[in-house]
Structures are given as C-alpha cells and as structure tokens.
Amino acid sequence: MMTDNKLSIKKKIFNWLEERFEIQELIDFAHKKSVPKFRETIWYYFGGIALLLFVVQVITGILLLMYYKGTEDSAFESVQFISTKINFGWLIRSVHSWSANLMVLAVIIHMFSVYFLKAFRKPRELTWYTGILLLFISLAFGFSGYLLPWNELAFFATKVGTDISGEVPLIGEFILKLLRGGEDVTGATLSRFFGMHVAIFPGIFIVLLTLHLLFIQRQGIAEPEEWKTMPKEERETIPFFPNFALRELLIWLIVINILAILAVFFPWELGVKADPFAPAPQGIKPEWYFLGMFQIFKFLPAQVLFINGELFGIMVFGLAGFLWILVPFWDSKSSSGRKNRILNYAGIFIIIFFMIFTTLGFILD
Amino acid sequence: MIINQIYYSQTNTDEIMNDSTKSNSSSRRDFLSIFLKGGFLAWFGVILYPVFKYLEPPKAKEEKVSQINIGKVEDMPKDSGKIVKFGKKPVIVLRKPNGDYAAFSAVCTHLDCIVQYKKEEGQIYCACHNGRYDLNGKNISGPPPAPLEKYLVAIKKDDVFIYKDAG
C-alpha cells in the first residue's frame, strides 16, 4: 500500500513535469548515451574529476568569502583569522588550496588524454578550443588565488609573473598596468586579483563549461581512432547510465578521500606577510604548474640572439602554445583518420620537457 | 532581319537599364549596410571606451622625495647592506668592507624582485632567479639585463643622506 502510494507520487511528479517539459525525450536520450569500452577508457573519467573539483572550489570558495578581506592591510590577517579562529577554517582553506591544485592536475591530464586519443579532431574542434580556454582560466584562477593571502612568496611570484606579461611586445605595458592596477604590485593589485578570482573568472568559466558540456552531449563522446576501421559488432560500449555514471561516482568518492587526506595531514601553510620593502626570500616559487616555466626563465641568459632573454622566452612559449592550441587545425592526418606519429612524439616531448624542468625547479635552490 | 536587329538592340537597352537600376539599388544597399555596420562599431566603441579607460589606473602621485637621511655613519656596520624606503621605492644601501657607502635601486632589473646584499660573496644578489650584481651595481651574472639604478650618497657631518641621481 505504502509503495503503491509512493510510486503514484513519483508517477504524479513525472506526469506533471512531462506535461510541461516533455522530459521523456531527455530520459530516452540519457538511455541512449554510451561510452566506448577499450583499453583507454580510464582517461574518460578525468573530465568528470575536474568538474567535481571545480564544484568543490565553488563551495569552499564561497565559504572562505564569508571571512576573507581583500585589502592590503587585512588580507593576510583575515586568512590567519580563518586558519586559527574559525571552526574548521583551516580545513576549508586547506581543501580549497589542495582542490585547486588537484583540479589543475586533472585538467592537464584531461587535455593530454584528449590530445593523445586524437579526440580533438573533426567534428570536435570547438570542444577542444573551449577546453583550452577552460585550462587557461583554471591557471588564471590559480595565479590570482595564489596572491590573495598576501604572503611573501605569493607577493614575489606575482611580481615576477606580471612583470613577464609586461615584456609582451606592444601591449605588454598595458597588460601590466591592467593586472597590477598601477606600476607596482600593491593593494590595488590585490583588489583586482580578488575581483577577477571571485567574479570575472567564475562567470566566464561557467559559460565556457556549459558550452563545453553541451558540445559533448550534442556530438556524443569521442570514439577511439581504430573504431573507424573496425566492424560495428566488434565495437564494445558501456551504457552511460548507470554503468559509467556509477563508476565515475566511485572515482569521485576516491578523489574526495584523497583530497581530505591531503587537506588534513598536509594543511596549507600561510607563510610570512608580504613586505614590499624586504628582499625576495630564498627559494621563492610559483605553484607547481608554473614551476617548469619559472625554471626555464631562471636559465635564460640576459640576451639570446640579440634579443632580451625574457622576450625570447615569451616568444618561444607563445609560439609553442599557439601551435598546441591550433592542433585540430594543422593536424590534417588525424582528421582524415590516419595515424600521425609526429603528433604523439611532440606530445611525449612536451610532457618530458616540462617534467624535467619542473623537477629541476623543485630540486635546485 | 532589320526588325530582328531592332528587337535585339531593344532588349539590350532594357538589360542595360535593368542592370543600372540593379547596381544603383545594390550600391544603395551596400552604402546602408556599411553605414549600419560602421554605426554599430562606433556605438560599440563608445561603450567600450569608458570601460577601458576605467580599467587604466590613474597615475599615482609621486611622493616628491629628493633626499632621505638614513642615520649616522657608524649606525651601519662595515660589510653590510639594508633596504630603505625612498618615497615609495625600495633602495638598497651598502656599506662596503672598506667603509664606503653606496646606494642603488633595490628593484632587480630582471623581473622586478627585491635584491639583497650577500656578505659571503660580496655581491648584490636577487633570490628570484639568481641574478648577481657587483658592489657598483653592475650586472655580472644570471639573467639581469642591466645594472641597478644608481643613487647618490652624501655624508654631512656624521649623517648619511641618499639622493636621487639627477642624471
């Protein structure tokens, strides 16, 4: 009797919605969704992991906003207050910092897996481009958020990072002032970074993320290259609902546990309050995802081939990044279904290159 | 034959007339389209201009500091360095092992970090990217592309003053 009643309530809600939104169509669509089952299926989970961590960022970010103050005089003290006086403040802050790092890691893994599986090829170019923009905004989130506690390390990392942007030909000066809110890194910079971090970037991010996910729903998930030449009956898939979704859920649980362990046992340090009149401390470092680049800038001499070393670095990174972004455009072999070995070598080279310089960044001091 | 010719010439004129009215109307359309698109761009510019201008920070008022007194000659031990505020700018003051004073902008010419005096090496050092300068502010190793900006030091009666180098 009870279950009958419950069922009928469920049915009633369904009917009410069906009458207004024709949700049966959506349910049918969800039933049809499937994911290719092959040896690389594991990589299909990383987009979802990044999404989970983004949600964690939004929630913990909003919680931190309740107490954080974004001014030169009180930023450091307010973070100190959150970490020492607020119940579980240290935990929320630590989760926010760790989740940010894991999110960037998940996004980077997601990007490389899409790259190596050639999932960017026609017709999914726009999914790739929106994904790249999402990666850039994730990095911008990291860079702007790093400054917010207003500690020594972040202060000098921001000085260096924004100074590099000032080297860009023609528009560098404008970008530098735009970012810093003046000539130097000051309270004005903090205000701007705070505004970007909590309003501008989340706004743009949500729009791009929605497009990114809509494209995937519209076109279906990318299938492995070898399927093009494989007879249909040999192609194995698993239903998205419930099989893939439940597995993703399980992975989310694991990620949340890892996050909790990291946040509790390795709480994020606050360091020393920034002082614009103190020498840069030994061993200033940006976040790990900028460390490889930072290390290369350390190695660059003042002059390379008659041009300024930093400018040379920016130009090389800019060109490489540009080629990387436009991979769907110039990789004609993959879009016609043929294998492109050079593409794989280039990807492996970039991974090894960054791993070496990032490791050097950690070791050398 | 003649009738035929007349007929043809008649149709030719018609076509020419048709063409000219067509091209007239299409040029009018082109004009309108350029006018509207141009107008839209101008309108967009009018909206964007204040936004861009708003984002450009105002010129900060330079604190007019021409000299600062950093204390007595004997306040600073020999072979040491410290950073002082010269208006809003950090300046590194050195007392060399021989007792001479020197002062430079403390902003590294590489990427804007603040430098320090390294006693053990007798050099000015930037910890951000291992930039090194000698005690005359000259860049001698690492990535800095230029020497540190020089400040002048004067000792009046036992007081040490730092000046901005006018040249």
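Chain order of the listed sequences is A and B. Going by the numbering used here, 60 is the number at position 60 of the first sequence; the sequence numbering is gapless. Position in the second sequence counted from 1, then plus 1000, gives you the numbering used here. Idealized CB from N, CA, C, for every residue including glycine.
Tyr1163 (chain B) carries a strand assignment under DSSP once its states are collapsed to helix, strand and coil. Shown in chain order are the members of the stretch 1090-1110 of chain B whose Cβ falls below 7 Å from a Cβ of chain A: Pro1090. Excluding residues up to 5 positions away in sequence, Gln24 lie with their Cβ nearer than 8 Å to the Cβ of Glu18 (chain A) in the same chain. Cβ neighbours of Ala302 (chain A) within its own chain (closer than 7 Å, five residues either side excluded): Gly309.
Beta bridge pairing from DSSP links Asn151 (chain A) with A:Lys273.
Fully enclosed alpha helix (DSSP H) runs of no fewer than 4 residues occupy 288-299 of the stretch 273-324 of chain A, in order along the chain.
Assigned with DSSP and collapsed to three states, Gly1131 (chain B) falls in strand. In the three-state DSSP reduction, Gly131 (chain A) falls in the helix class (H, G or I). Contact annotation: Leu135 (chain A) and Ile109 (chain A) have beta-carbon atoms that are not nearer than 9 Å.
By the CB criterion at 9 Å, Glu225 (chain A) and Lys122 (chain A) fall outside the cutoff.
The shortest CA-to-CA distance from Leu1135 (chain B) to any of B:Asn1098, B:Val1160, B:Ile1034, B:Lys1164 is the one to B:Asn1098. In this structure, Asn151 (chain A) lies near Ala274 (chain A), with their beta-carbon atoms less than 9 Å apart. Nearest to Gln219 (chain A) by alpha-carbon distance, out of A:Phe266, A:Leu360, A:Val35, is A:Val35. The Cβ atoms of Ile296 (chain A) and Phe357 (chain A) sit closer than 9 Å to each other. For Leu1152 (chain B), there is no enclosing alpha helix (DSSP H); the residue is part of the beta strand (DSSP E) that begins and ends at 1150-1156.
Going by C-alpha positions, Gly142 (chain A) is about 12 Å away from Val198 (chain A). Taking a beta-carbon distance threshold of 9 Å, Asn151 (chain A) does not count as an interface residue toward chain B.
Of all residues in the stretch 1112-1124 of chain B, the ones placed with a Cβ closer than 9 Å to any Cβ belonging to chain A are Asp1112, Cys1113, Ile1114, Val1115, Gln1116, Tyr1117, in chain order. For Pro36 (chain A), there is no enclosing alpha helix (DSSP H); the residue is found in the beta strand (DSSP E) stretching over 34-36.
In the three-state DSSP reduction, Asn1069 (chain B) falls in the strand class (E or B). Closer than 9 Å to the CB of Ala1127 (chain B) there is at least one CB belonging to chain A. Taken in chain order, the members of the stretch 1050-1081 of chain B whose beta-carbon sits within less than 7 Å of a beta-carbon on chain A are Leu1055, Glu1056, Pro1057, Ala1060.
For the C-beta of Ile1140 (chain B), not a single chain A residue is nearer than 7 Å; the gap to the nearest is close to 11 Å. Between Phe194 (chain A) and Leu153 (chain A), the gap from beta carbon to beta carbon reaches 9 Å or more. Counting along the chain, Arg218 (chain A) sits inside the alpha helix (DSSP H) bounded by residues 201-219. In chain order, Ala302 make up the part of chain A whose C-beta sits under 8 Å from the C-beta of Pro1144 (chain B).
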